[in-house]
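Inspection log for the structure reproduced underneath, given as structure tokens.
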Amino acid sequence: MSRIDTLTLFDAFRKTIQPPPPPAPCDRSNRNARIGILLKQRDLSLCPPSRKSSAVAATLSRFANSLTVETAFTVLAVAKQLKAKGKDVVELEIGDSPFESTSSAKAAGVAAINDNQTHYCPSPGLPEFRQAAAEFVRSEFDIPAGPENIVVGPGAKVFEQFFCEAFLNSGDGVLVFSPYFPTYVPNIQRRSAEIVFSPLRQPNAFRPEVAEIERFLSEHPSPKAIFLNTPHNPTGGVTTQQDLKDIADLIRGKDIAVFSDEPYCHMVWDGRHHSLLEQPGMMDQCVAAYTFSKSYSMSGWRLGFAVSAAPIADAIGKMINTTLSCTPPLVQQAGLNALKNDSQQRSEQMLKFREKVQLLTDGLNRLDGFHSLDPAATFYVFPRVVPICNEHKITSHGLAMYLLEGADDDFGIACLGGECFGEAGAGFLRFSCAEPNERLEQALAFIPTALERTDRIARYIEEHPQYRLEMPYPENQ
């Protein structure tokens, strides 16, 4: 019998009235921060809070007015606008695959439309999809799942929200390792929970420190949840199997829930992916999220699934029922066939991604002022650019936007500053290897030229003062 109380979970789900306002996060990347001190998160200039419109009579909620967005989509929009005006832009800003969706997925999706699978289906997912997903995680990752442990959704991101609704109440403490995926924060704040940030450091290969989890559990007055992302976006780091065992041993049997975000499970470049759900007892305390966007190049289909104990999956299924109704069955049929038939094509695409990552990492490390680890996973490269930022007195996201907008009238590179993923990412850039290899080489050739144009850098900062670096980044960062 599971230790999860279904009634308690459903009661937590029903309490959706929003207590005002969401607490500010507590950031461990500031050495002076302590768990009892809540620090205000730095605003991103590209993601300002929503503003009240004088034309709208009904005022927005405090949460709506404070909401920020995933910056990659904002930069994507800027890049598309520049391209529409004739500028040649190498797009390395968003984590999308450059490849076509896998063959069986496309064929099955078309067949499902022709077969009229265009109506409602069970909210937790098609029974045959849930069965296939359970077999998939059992065979690939040794996760002891059955169909009752699977719930289907439109991508993995939606499960961040449902996890928070399932487990968090006002004032609960949530540990988030920074840099972090940007949508974690608004989903936690939706529940008026308190965020505690713990920095991931380049010298430690961007692995989470178990000692930080121990400190969180002992010092926060109401610790309740941990967000774990492995393989990690944006750094390319991996939480090792030993790390996962240590985390499981630390939290097992405690009233602590873990959101394990695993979209890059097939992009581990040495060995195979390991999930916290492999560890004994973790099914009762963990929700793991998977997506078809990366492994099967199906980002536009919007398909993912979560794995957890049956009572937790049942509660999330109720949330799907009362919000989305269901995930389109034709999309599930496409994913089902990808799971069954497209593993070889998936592996071939992953090898191509690995080649791109190596090309970009090696090329960036040859440039003055760039230092990148060889990513252990994902298709992101996350170089440290502190010397460049300090020399030109520009923030890392300002440097990213300069490469896109200001370095040249006819050519640009779209990437992201590390602070788009939290303050611990400041002084880094994130590049997504989502272009053909020859375009990656063009970008590498352009960067030194762009950095030599000091007059353009100075003019760009003058025109965009929000990107002026007021205090130098620490050199030993």
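Counting with the UniProt record's numbering, you get residues 1 to 477 for the letters of the sequence shown.
The beta carbon of each residue, even a glycine, is placed where N, CA and C say it ideally should be.
For clarity, every value in this text was computed on a predicted model and none was experimentally measured.
Could you check how far apart the C-beta atoms of residue i and residue j are, in whole angstroms? I think they sit under 8 Å.
i	j	result
ALA145	VAL307	5 Å
ILE256	ALA225	7 Å
PHE317	SER103	Reading off the sequence, residue 317 comes out as Gly, not Phe. With 8 Å as the limit, GLY317 and SER103 do not qualify as a contact, their Cβ atoms being about 31 Å apart.
ALA400	LEU416	6 Å
THR378	ASN229	Going by Cβ atoms, the distance from THR378 to ASN229 rounds to 10 Å, so no, they are not a contact pair.
VAL90	GLN442	6 Å
ILE312	ALA166	6 Å
VAL381	CYS433	7 Å
HIS397	ILE457	Rounded, the Cβ-Cβ distance is 14 Å, inconsistent with contact.
PRO472	ASN390	5 Å
Using C-beta distances below 8 Å, list every residue in its chain close to residue i, excluding the 5 sequence neighbours before and after it, in chain order.
i	result
PHE73	ILE94
GLU438	none
LEU126	VAL152, PRO329, GLN332, GLN333, LEU336
ASP342	THR102, SER103, SER104, ALA105, TYR296
Can you tell me whether DSSP reads residue i as helix, strand or coil?
i	result
THR291	strand
ASN229	strand
ILE413	strand
SER97	coil
SER218	helix
GLY86	coil
ILE388	helix
GLU435	coil
ARG190	coil
PHE428	strand
ILE150	strand
ALA79	helix
GLY91	Strictly speaking, residue 91 in this sequence is Glu, with Gly absent from that position. DSSP places GLU91 in strand when its eight states are reduced to three.
VAL238	coil
PHE446	helix
SER103	helix
SER66	helix
ASN476	coil
GLY406	helix
CYS121	coil
GLU165	helix
GLN279	coil
VAL210	helix
GLY418	helix
ARG354	helix
ASP255	coil
PHE73	helix
GLY155	coil
ILE110	One detail in the question is off: residue 110 reads as Val in this sequence, not Ile. Residue state, collapsed to three classes: helix.
Bridge partners of residue i, per DSSP?
i	result
ARG468	ILE394
ARG138	Beta-bridge pairing links ARG138 to no other residue.
LEU175	VAL196, ILE226
HIS274	Answer is none; HIS274 lacks a bridge partner.
HIS371	ARG384
ASP261	ASN229, ALA289
ALA377	VAL268
What residues in its chain sit with their C-beta under 6 Å from that of residue i, if we drop five residues either side in the sequence?
i	result
SER295	HIS266, ARG346
LYS303	Looking at the sequence provided, one finds Leu at residue 303 rather than Lys. Excluding sequence neighbours, LEU303 sits near PHE292, VAL331, GLY335.
LEU403	ILE413, ALA450
ILE195	PRO25, VAL174, VAL176, ILE188
PRO387	GLY369
ASP186	Looking at the sequence itself, residue 186 is Pro, so the reference to Asp does not match. Closer than 6 Å at Cβ, skipping near neighbours: LEU67.
PRO263	ALA156, THR291, LYS294
PHE227	VAL176, TYR184, PHE259
ALA112	LEU330, GLN333
LEU440	LEU359, LEU360
residue 534	This structure leaves residue 534 out entirely; the chain is present only between 1 and 477.
Near residue i, which residues of its chain fall below 7 Å by C-beta distance, leaving aside the five closest residues on each side in sequence?
i	result
residue 485	Lying outside 1 to 477, the shown extent of the chain, residue 485 is not represented and no answer is given.
ASP246	VAL210
LEU367	ILE447, PRO448
ASN321	SER123
SER117	The amino acid occupying residue 117 in the given sequence is Gln; Ser does not appear at that position. Counting only Cβ-Cβ distances below 7 Å, and skipping sequence neighbours, we find PRO329, LEU330, GLN333.
ILE143	VAL137, SER275, LEU277, GLU278, VAL307
ALA407	ALA450, ARG453, ARG456
Shorter than 6 Å, the distance from the beta carbon of residue i to the closest heavy atom of the ligand FAD, or not?
i	result
LEU60	For the structure depicted, the ligand FAD is absent and the ligand set is empty, with no information on it obtainable.
Considering only residues of the region 292-352, which uninterrupted beta strand (DSSP E) runs meet the minimum length of 3 residues and lie entirely inside it, listed in chain order? Counting only runs of 3 or more residues that sit fully inside the region 292-352, the beta strand (DSSP E) segments are 304-307, in chain order.
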